[in-house]
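From first to last, the protein sequence lines stand for chains V and Y. Just so we're aligned: 86 in this note's numbering is position 86 of the first sequence, and the numbers increase by one with no gaps anywhere. So this note's numbering is basically just the index in the second sequence, starting at one, shifted up by 255. Everything below concerns the one structure shown next.
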Amino acid sequence: MTGRVASIALNTFREAIRDKVFLTLLVFAILVMGSARVIQPLALGEESKVIQDLGLSAITLFCVLIAVLIGGRLVYKEVEKRTIYIMLARPVRRWEFILGKYAGLMAVLAASLVVMTVGFYLVMFITGTPASAYLLWSLLMTFFELAILTATAILFSTFVTPIASSVFTFAVYFVGHLTRDLRLLAAMSPSPVVKVVSQVLYYVLPNLSNFNIRGEVVHDVVLNPEALALAIGYALLYTATLLLISTLIFSRKDF
Amino acid sequence: MAVVTDPVISTVKLSKVYRSGIGMRLVSALVDVTFDVGRGEIFGFLGPNGAGKTSLIKILIGLARPTAGNALVFGRQARDAQVKARVGFLPESPYFYEYLTATEFLRLSAGLAGVPGSEVAGRVNSLLKLVRMEASAGVQMRGFSRGMLQRIGIAQALVGDPELVILDEPMGGLDPVGRKEFRDIIVGLRDQGKTVFFSTHILADVEMICDRVGIIINGRMVNIGGLGDILSDDVQAYEVTVTGLTGKFRKVLERVGDSAIRSGDALLVTVPDDAGVDRVMAIVREAGARVQAIVPRKRTLEDHFMAHVGGKRGA
Numbered sequence: 001m002t003g004r005v006a007s008i009a010l011n012t013f014r015e016a017i018r019d020k021v022f023l024t025l026l027v028f029a030i031l032v033m034g035s036a037r038v039i040q041p042l043a044l045g046e047e048s049k050v051i052q053d054l055g056l057s058a059i060t061l062f063c064v065l066i067a068v069l070i071g072g073r074l075v076y077k078e079v080e081k082r083t084i085y086i087m088l089a090r091p092v093r094r095w096e097f098i099l100g101k102y103a104g105l106m107a108v109l110a111a112s113l114v115v116m117t118v119g120f121y122l123v124m125f126i127t128g129t130p131a132s133a134y135l136l137w138s139l140l141m142t143f144f145e146l147a148i149l150t151a152t153a154i155l156f157s158t159f160v161t162p163i164a165s166s167v168f169t170f171a172v173y174f175v176g177h178l179t180r181d182l183r184l185l186a187a188m189s190p191s192p193v194v195k196v197v198s199q200v201l202y203y204v205l206p207n208l209s210n211f212n213i214r215g216e217v218v219h220d221v222v223l224n225p226e227a228l229a230l231a232i233g234y235a236l237l238y239t240a241t242l243l244l245i246s247t248l249i250f251s252r253k254d255f
Numbered sequence: 256m257a258v259v260t261d262p263v264i265s266t267v268k269l270s271k272v273y274r275s276g277i278g279m280r281l282v283s284a285l286v287d288v289t290f291d292v293g294r295g296e297i298f299g300f301l302g303p304n305g306a307g308k309t310s311l312i313k314i315l316i317g318l319a320r321p322t323a324g325n326a327l328v329f330g331r332q333a334r335d336a337q338v339k340a341r342v343g344f345l346p347e348s349p350y351f352y353e354y355l356t357a358t359e360f361l362r363l364s365a366g367l368a369g370v371p372g373s374e375v376a377g378r379v380n381s382l383l384k385l386v387r388m389e390a391s392a393g394v395q396m397r398g399f400s401r402g403m404l405q406r407i408g409i410a411q412a413l414v415g416d417p418e419l420v421i422l423d424e425p426m427g428g429l430d431p432v433g434r435k436e437f438r439d440i441i442v443g444l445r446d447q448g449k450t451v452f453f454s455t456h457i458l459a460d461v462e463m464i465c466d467r468v469g470i471i472i473n474g475r476m477v478n479i480g481g482l483g484d485i486l487s488d489d490v491q492a493y494e495v496t497v498t499g500l501t502g503k504f505r506k507v508l509e510r511v512g513d514s515a516i517r518s519g520d521a522l523l524v525t526v527p528d529d530a531g532v533d534r535v536m537a538i539v540r541e542a543g544a545r546v547q548a549i550v551p552r553k554r555t556l557e558d559h560f561m562a563h564v565g566g567k568r569g570a
């Protein structure tokens with residue numbers, strides 16, 4: 001089992017790193033972080049905070065783009081190009097296929113995070129910004145946020161086209177950062193329809209704001225380890241559920 | 256129909272209905288298909304485009320489920336992972352991961368087929384040699400021609416050392432030399448005791464190498480059996496080649512046959528039966544000409560196939 005999942009994951013990893021979209025995003029991310037040098041004089045007295053915040057935000061944004069754009073066509077492309085035939089004619093179970101694809105993209109994201117983080121620390125070093133290891137906590141949380149987002153993209157990818165899948169996943173990402181507002185909306189709105197819809201969305205969509213601790217790490221605020229552990233547990237559970245649903249949908253398919 | 260002992264593939268009243276197009280109209284791709292393929296056979300699965308060949312193959316490799324009926328491979332459900340481990344498959348006009356090199360792709364295939372890690376390199380190299388692709392082993396497949404993809408396709412189908420090999424239109428995209436090599440590979444597989452099931456619409460391939468043939472038209476298996484059973488030994492006509500004719504006798508002979516073709520000094524006359532041959536011989540003797548050859552023409556698979564397709568298409 002592990003051999004087949006690993007084979008599929010390795011193939012997915014190779015596909016992504018040989019993809020022009022991926023390379024373009026990676027280069028772009030490093031350019032954006034490098035631009036910190038240009039805006040440095042504009043940040044009156046707050047240079048280090050601005051550079052740190054910009055770097056962390058750029059890394060998160062570009063990783064989200066990779067997850068959404070590559071994840072959105074991960075399964076669909078295999079069906080469209082009919083490579084799925086040779087995959088599933090092998091003794092590969094449907095869940096192994098989904099898990100392999102997921103693991104492959106997560107490996108791509110982990111590698112991207114590492115490359116971008118190295119670039120980020122390099123930029124901080126060059127600009128003379130204090131480069132504390134404390135910032136890494138934010139990137140760790142970004143990784144778990146990406147775990148949820150990639151599983152979301154894969155879920156959509158099992159039944160809609162890549163463009164629709166990417167659009168839906170982006171929507172989940174944005175609304176996922178506003179779930180607290182959804183709850184507020186449910187409480188405040190006089191309309192029962194709005195109340196019910198925002199309640200349902202609040203419970204169904206992932207609460208992604210839990211994973212944003214950029215402000216805290218940049219401003220050296222003490223982190224709450226319990227909250228972090230809870231968020232990571234939440235990410236694992238949410239991801240497992242999405243992959244399970246993806247497998248169920250995928251298992252019912254005829255090719 | 257001959258009884259197959261020890262069947263590798265066995266289907267009973269297999270039907271597949273799917274919805275297609277605007278209004279989701281029901282389309283029957285397969286209707287009550289029942290047949291067996293025995294161990295060690297080369298079974299040719301013949302049918303025009305759209306007859307249901309690929310639909311049947313997808314069920315046999317567990318990519319699709321039958322609407323009704325049953326498909327057993329090695330006595331188990333085709334979707335069973337243990338069955339798939341014993342089957343090698345080449346899809347029609349294969350498209351593989353173009354960003355992989357031929358070697359990377361075969362290694363991936365070996366990993367999925369469960370080939371032990373220590374054997375992968377040796378297996379991949381011998382397959383590259385078998386399909387004559389060693390020179391392009393390290394090249395990304397995006398630049399491969401259809402024929403090259405077909406070669407890598409057969410290599411990936413064989414990577415798990417399968418007992419049953421299912422090939423969907425394996426000769427598509429190959430030049431005559433490539434087709435010959437492919438036929439040799441298929442016969443070689445039978446010699447190793449493997450069972451080969453392949454679909455095609457090219458009759459010559461079937462006639463040359465198959466032990467048995469199934470003909471599918473409009474989703475129904477209309478004929479199945481050994482080539483000898485399908486093609487009776489009855490002579491359909493005789494072709495007599497005559498040389499050394501003068502103008503007058505040539506005209507007489509041309510009228511005797513069903514058809515006559517001139518080629519330089521020679522005349523090829525087709526007559527329907529023995530009596531026709533006798534008439535030709537009498538004229539040849541009278542003319543003082545010579546008979547070069549008398550060839551009995553038997554019913555070909557093509558004649559047989561055309562008779563079925565002509566009758567069933569659009570029915």
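A virtual CB, placed ideally from N, CA and C, is assigned to each residue, including glycine.
{"query": "Residues bridged to Met476/Y [DSSP beta-bridge criterion]", "result": "Ile471/Y"}
{"query": "Rounded C-alpha distance that separates Gly372/Y from Lys308/Y", "result": "35 Å"}
{"query": "Selection from Phe125/V, Phe144/V, Val221/V and Leu25/V that minimises the alpha carbon distance to Tyr234/V", "result": "Phe144/V"}
{"query": "Proximity of Ile8/V and Phe344/Y at Cβ, strictly below 8 Å", "result": "no"}
{"query": "Coarse secondary structure for Ser400/Y, derived from DSSP in three states", "result": "coil"}
{"query": "Residues of the segment 519-535 of chain Y with Cβ closer than 9 Å to any Cβ of chain V, in chain order", "result": "none"}
{"query": "Backbone secondary structure at Phe351/Y - three-state DSSP", "result": "coil"}
{"query": "Segments of 3+ residues assigned as beta strand (DSSP E) that fall wholly inside the segment 287-362 of chain Y", "result": "297-301, 323-328 and 342-345"}
{"query": "Which of helix, strand or coil DSSP assigns to Ala392/Y", "result": "coil"}
{"query": "Pairwise C-alpha distance: Asn304/Y and Arg568/Y", "result": "Residue confidence for Arg568/Y is low, a pLDDT of 49 falling below 50, so the modelled location carries little weight and cannot support an answer."}
{"query": "Start-to-end residues for the beta strand (DSSP E) that takes in Arg268/Y", "result": "The amino acid occupying residue 268/Y in the given sequence is Lys; Arg does not appear at that position. First-last of the beta strand (DSSP E) with Lys268/Y: Pro262 to Ser275."}
{"query": "Continuous beta strand (DSSP E) stretch holding Arg545/Y: start and end", "result": "Arg545 to Lys553"}
{"query": "Contact between the segment 414-433 of chain Y and the segment 443-457 of chain Y (3+ Cβ pairs under 8 Å)", "result": "yes"}
{"query": "Cutoff 8 Å: Leu367/Y Cβ touching any chain V Cβ", "result": "yes"}
{"query": "Cβ distance (whole Å) where Arg534/Y is taken to contact Val511/Y below 8 Å", "result": "5 Å"}
{"query": "Residues from the segment 309-335 of chain Y in contact with chain V, defined by Cβ distance under 8 Å", "result": "Lys313, Ile316, Gly317, Leu318, Ala319 and Arg320"}
{"query": "Below-8 Å beta-carbon distance, Val92/V vs any chain Y residue", "result": "yes"}
{"query": "Continuous beta strand (DSSP E) stretch holding Tyr134/V: start and end", "result": "Per DSSP, Tyr134/V belongs to no beta strand (DSSP E) and is neither H nor E."}
{"query": "Cβ contact check for the segment 274-282 of chain Y and the segment 180-187 of chain V: 3 or more pairs under 8 Å", "result": "no"}
{"query": "The segment 55-71 of chain V contacting the segment 26-38 of chain V, beta-carbon criterion three pairs below 8 Å", "result": "yes"}
{"query": "For Glu418/Y, three-class secondary structure by DSSP", "result": "coil"}
{"query": "8 Å Cβ cutoff, Ala340/Y in contact with chain V", "result": "yes"}
{"query": "Chain V within 8 Å of Pro262/Y, Cβ atoms only", "result": "no"}
{"query": "Glu15/V - partner residues in DSSP beta bridges", "result": "Beta-bridge pairing links Glu15/V to no other residue."}
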